Amino acid sequence: MEKQKVFSLSEVSLHSSKNDCWLIIHGKVYDVSKFLDEHPGGDKVLVDASADGDASDAFEDVGHGTAARSIMNNYSIGVLEGSDPFLVGGYPQSLRTKDKKASSPITSLLQFLRPLLPVILLGMIWYYFSSKGKMPQSP
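Spelled out as structure tokens, the structure:
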């Protein structure tokens, strides 16, 4: 594995224009200057993210898939000084995605029933009022 060039935050921050745009995502530094016109979200998104410093959260919030992550490899130019080698290039899988088995069966059932509650409640109200006249009267 070849040693990657290390950049300081101040050095990366000098590259935040449309003609010269570097991004920090998960401790890696990317020169996306040549990708700006190709980015589906437009160049402004990348330039703004570059000016904000670390773009990791913005990158994850958009929900980029494996294709985007693969494209990023073409633009990698090094790592950010002081980055945790464990996290460089992305969060570990266990931190990036929620464990699908973590929700309990009760929680799953309640999530399923939640949209049905108004319908069930209306049905109970209708039943109560429609059967009110049919109840036997006490003497």
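Under this note's numbering, residues 17 to 155 are what the sequence shown spells out, in order.
Note that beta-carbon positions come from the ideal geometry of N, C-alpha and C, so glycine has one too.
Remember, predicted model here, so these are calculated numbers, not experimental data.
- Taking 8 Å as the cut-off, the Cβ atoms of residue 62 and residue 96 do not count as close.
- Taken atom to atom, the span from the alpha-carbon of residue 37 to that of residue 51 is near 9 Å.
- In the DSSP assignment, residue 46 is bridged to 39, 92.
- CA-CA distance, residue 75 to residue 41, rounds to 7 Å.
- Annotation: residue 58 to residue 140 spans about 52 Å, alpha carbon to alpha carbon.
- Ranked by Cα distance from residue 56, the first of 78, 66, 133 is 78.
- Taking the CA atoms as reference points, residue 71 sits about 18 Å from residue 35.
- CA-CA distance, residue 99 to residue 43, rounds to 5 Å.
- Rounded to whole angstroms, the separation of the alpha carbons of residue 128 and residue 121 is 11 Å.
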